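There are 2 protein chains.
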Amino acid sequence: MSDSRVVIAVDMMGGDHAPSAVLDGVAEALSAFGDAYRYLLVGPQERVARGLEERGISPSHPQLELVDAPQTVGMDEHPVKAIREKPRSSIVVAMDMVKAGRAGGVFSAGNTGAAVGAAFLKWRMLEGVSRPGIATVMPGEKGPWVLMDSGATVDCSPLMLAHFAVMGDLYARQVLGLSSPRVGLLSNGTEEGKGNRQVQEAFAVLRQIPGIRFLGNIEGHDLFRGTVDVVVCDGFVGNIVLKTCEQLSKSLSGMIRESVMRRTLWKFGGLLCKGAFREIKRRTDASEVGGAPLLGVKGSCVIGHGNFQGHGVANGIRAVGELLRLQLNERIVEAVHQVAASSLC
Amino acid sequence: MSDSRVVIAVDMMGGDHAPSAVLDGVAEALSAFGDAYRYLLVGPQERVARGLEERGISPSHPQLELVDAPQTVGMDEHPVKAIREKPRSSIVVAMDMVKAGRAGGVFSAGNTGAAVGAAFLKWRMLEGVSRPGIATVMPGEKGPWVLMDSGATVDCSPLMLAHFAVMGDLYARQVLGLSSPRVGLLSNGTEEGKGNRQVQEAFAVLRQIPGIRFLGNIEGHDLFRGTVDVVVCDGFVGNIVLKTCEQLSKSLSGMIRESVMRRTLWKFGGLLCKGAFREIKRRTDASEVGGAPLLGVKGSCVIGHGNFQGHGVANGIRAVGELLRLQLNERIVEAVHQVAASSLC
């Protein structure tokens, strides 16, 4: 495999439905993306080979290479502990492949903490970037927006939040194709001066960043109605927001279903407009996006949702390919350098 | 008016639709709650008198007393500045009425920050309680739960979070009628050791509190599915969660409406099951709860949603009456004292 930039290491044991969902994803990627990528399938070699054969794919397919990783990090394992104790786990070995120059990036639908930890330890940070952040694309009334950081770094300095703003802005430009993304700092009110100490300090730093369109503080009400394109927060708040929204959508769907079933007339009406709900589900389906990139580290990693089936995995693989094609990391280093330079003057 | 415990001061100028929605609320309260309460109507006296007459109520009604407060704090004004510069505003004068022993509690659907600030400055804190918290009752798959604090105190020490746990627990017992509320600390994962520094430190304090059923860390996924009854977080996170959920529900409703309108068949189906959606709206309607109490201060204040119409205001008035009847503040002082005593041993 000559050009490692089109080689994607896939964590075959990551996710609630691994390895079968990941194998399905690789099969879909092979047929959908043609010869755009090559794949390092990292996991228990025999099990992966068997899974491929079950899907009618030869383990010696020219675009595939099997890399043995007999250990697995479970979804609920303590990340740092797991990385330390399982150096031959699929996620750690996948990161090793990038470090060794054998792959350009990694896709994993596994334990998020383990992916973040392994990338941080194995790859280290990009030049000038202080901490990694996860950029999750969320659906909104007026189109997608980016939640940055949605869970990688829990305690953040103002500079870390500034770097999240820069990386989120770049991601929105490059991947969502926005020409001038509106960036907001998530707070408990929109007025200047609102926020906890962390946000108040970060506000002063973010407004100084050259080249980003910083709208100031935003609040929870701004998140889904399209006021901003990039929402900056620490990974503690971002993770809570992300998971709360996931659960609220699920609970509301459940309440609707339950309520509609209560009367025959409603049930009938519900059946008739089922297509409308299917349409919304598609519009808000995380597996269409394929996962969220971990930004700021020296490598490209997309983290899929643990519940992904094959289609989500295939989209996640394509998302890694996109990051590599766009050379996002080179752009991040340049932009972060500009921030540092502007603060010197 | 003899017993101030049944006297409720109403901020006539609080809320997006003040004073008319508040006047409607007072009218509803008078007819719905009989002679359970008396009301101090705090606002521009003539305007309030005129509004009452328009509703067929005499300003000299035996249960009413008009208290003049010519100034108004707007919904978007800076709270502390407004309180300082407008000592004769309806919210400040309403708080003064309780301080002077003329009323037992306050209802306001106005500027939350101003209500919190005025209560804190005028009433001060309950003995032993470090900071105030807002206990918002939220709808969930398996019934209501309490978000504490949903916006009063943004930077919290572990002890403040412990006091929120104690107050939220008492509120769930007394007002929601739960015999042994499950209390969770909102974090970015459920495992012990998860969380930012604040949450990690608070965890150690919360697990020591005698008499509360502390389940440990919870995450966003736990909020609407009924895992816990009381969700403890600082007011920064709580405010973001509250507003994000409000907006997400609104956005999803909008998306459903929009999607259903796209085809005639779907539109027809939507019409047939409209009743099911109305039912959900009722189940999740904040105006049925009547607002959220500000706990920890030396007085009883319920803060309604700015968009309340008369029915929400009437329910908010009843919520103040409930707090007074239950003598929640006496119980809070006692419970917080037990926490302090247990940490001495």
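Residue numbers (this note's numbering), protein chains in the order written: chain A, 679 to 1023; chain B, 679 to 1023. The beta-carbon is built from N, C-alpha and C at its ideal position, and this holds for glycine as well. As the structure is a computational prediction, the values presented were derived from the model and not from experiment.
Using 10 angstroms around the beta-carbon of residue i, count the other beta-carbons present and answer buried if the total reaches 16, otherwise exposed.
i: B:GLY999; result: buried
i: B:SER858; result: exposed
i: A:MET845; result: buried
i: B:GLU706; result: buried
i: A:ASN985; result: exposed
i: B:MET939; result: exposed
i: B:LEU949; result: exposed
i: B:ASP702; result: buried
i: B:GLY783; result: buried
i: B:GLY889; result: exposed
i: A:ASP754; result: exposed
i: B:GLY818; result: buried
i: B:GLU743; result: buried
i: A:SER978; result: buried
i: B:GLY712; result: exposed
i: B:ALA787; result: buried
Rounding to the nearest angstrom, what Cα-Cα distance links residue i and residue j in this structure?
i: B:PRO810; j: A:LYS976; result: 44 Å
i: B:GLU869; j: B:GLU897; result: 10 Å
i: A:TRP801; j: B:GLN876; result: 29 Å
i: A:GLY988; j: A:VAL751; result: 20 Å
i: A:LYS660; j: B:SER937; result: Nothing about residue 660 of chain A can be reported from this structure: the residues present for chain A run from 679 to 1023 only.
i: A:HIS899; j: B:ARG728; result: 35 Å
i: B:ALA772; j: B:VAL688; result: 7 Å
i: A:ALA1019; j: A:ALA1013; result: 10 Å
i: B:GLY871; j: A:VAL991; result: 30 Å
i: A:MET816; j: B:GLN741; result: 52 Å
i: B:VAL794; j: B:ALA840; result: 19 Å
i: A:ARG851; j: B:HIS695; result: 41 Å
i: A:VAL1011; j: B:LEU864; result: 34 Å
i: B:GLU966; j: A:ILE995; result: 47 Å
i: B:GLU731; j: B:LEU708; result: 14 Å
i: A:CYS951; j: B:ARG941; result: 9 Å
i: B:PRO757; j: B:SER808; result: 20 Å
i: A:LEU1001; j: A:VAL908; result: 18 Å
i: A:GLU724; j: A:GLU924; result: 36 Å
i: A:LYS928; j: A:ASP774; result: 37 Å
i: B:GLY873; j: A:ASP827; result: 15 Å
i: A:GLN1016; j: A:GLN1005; result: 17 Å
i: B:PHE785; j: B:SER698; result: 15 Å
i: A:LEU920; j: B:ALA710; result: 41 Å
i: A:VAL704; j: A:ARG961; result: 23 Å
i: B:GLN878; j: B:GLY867; result: 11 Å
Kindly list, in the order they appear in chain A, the residues whose Cβ is closer than 7 Å to that of residue i.
i: B:LYS921; result: GLU897, GLY898, HIS899
i: B:ILE812; result: Near B:ILE812 there are no residues of chain A at all, since even the closest Cβ is about 11 Å away, more than 7 Å.
i: B:GLU869; result: HIS756
So which residues on chain B does residue i lean against when the C-beta distance must stay under 7 Å?
i: A:GLN987; result: Correct list: empty, because the minimum Cβ distance to chain B is about 19 Å.
i: A:CYS951; result: VAL938, TRP944, GLY947, GLY948
i: A:GLY692; result: Under the 7 Å cutoff, chain B gives no residues; its nearest Cβ is about 17 Å from A:GLY692.
Name, please, each residue of chain A whose Cβ falls closer than 8 Å to the Cβ of residue i.
i: B:ILE890; result: Ordered by position in chain A, no residue passes the 8 Å Cβ test against B:ILE890, which lies about 22 Å from the chain.
Pick from the options: whose alpha carbon is nearest that of residue i?
i: A:TYR717; options: A:VAL915, A:ARG891, A:VAL700, A:GLU732; result: A:VAL700
i: B:VAL745; options: B:SER786, B:HIS841, B:VAL726, B:ARG941; result: B:VAL726
i: A:VAL861; options: A:LEU825, A:THR962, A:VAL853; result: A:LEU825
i: B:ILE958; options: A:SER931, A:LYS959, A:LEU949; result: A:SER931
i: B:ASN895; options: A:LEU950, A:CYS911, A:ASN895, A:ILE918; result: A:ILE918
i: B:MET690; options: B:GLY734, B:VAL770, B:PHE711; result: B:VAL770
i: A:ILE686; options: A:ARG780, A:LYS764, A:VAL807; result: A:ARG780
i: B:GLY821; options: A:MET933, A:SER808, A:ARG961, A:ALA797; result: A:MET933
i: B:ASN993; options: B:ARG1009, B:ALA970, B:HIS1015, B:LEU1006; result: B:ALA970
i: B:ASP833; options: B:ARG1003, B:THR962, B:ARG903, B:ALA880; result: B:ALA880
i: B:VAL684; options: B:VAL776, B:ALA882, B:PRO765; result: B:VAL776
i: A:ALA797; options: A:ARG1009, A:SER1021, A:LEU973, A:MET838; result: A:LEU973
i: A:VAL720; options: A:VAL883, A:CYS923, A:PRO737; result: A:PRO737
i: B:ARG766; options: B:THR790, B:ALA778, B:ALA760, B:ALA747; result: B:ALA747
i: B:ALA813; options: B:THR790, B:GLY867, B:TYR849, B:ARG903; result: B:TYR849
i: A:GLY913; options: A:ALA760, A:THR831, A:ALA778, A:ILE761; result: A:THR831
Could you tell me which residues DSSP pairs with residue i in its beta bridges?
i: A:ARG903; result: DSSP lists no partner for A:ARG903.
i: B:PRO740; result: Per DSSP, none; premise fails for B:PRO740.
i: A:ILE981; result: A:SER786, A:ALA970
i: A:GLN723; result: None, per the DSSP bridge assignment.
i: A:GLY894; result: A:GLY862
i: B:ALA689; result: Sequence check: residue 689 of chain B is Asp here, not Ala. For B:ASP689, which the question treats as bridged, DSSP gives the partners B:VAL720.
Taking C-beta pairs closer than 9 Å, name the residues in chain B that residue i reaches, listed in chain order.
i: A:MET775; result: What A:MET775 touches in chain B: nothing, since even the nearest Cβ is about 27 Å away.
Find the residues of chain B that neighbour residue i, judging by a C-beta separation of less than 8 Å, and give them in chain order.
i: A:SER927; result: LEU926, LEU930
Please list, in chain order, the chain A residues whose beta carbon lies closer than 9 Å to that of residue i.
i: B:ARG809; result: Those within 9 Å of B:ARG809 in chain A number zero; the least Cβ separation is about 13 Å.
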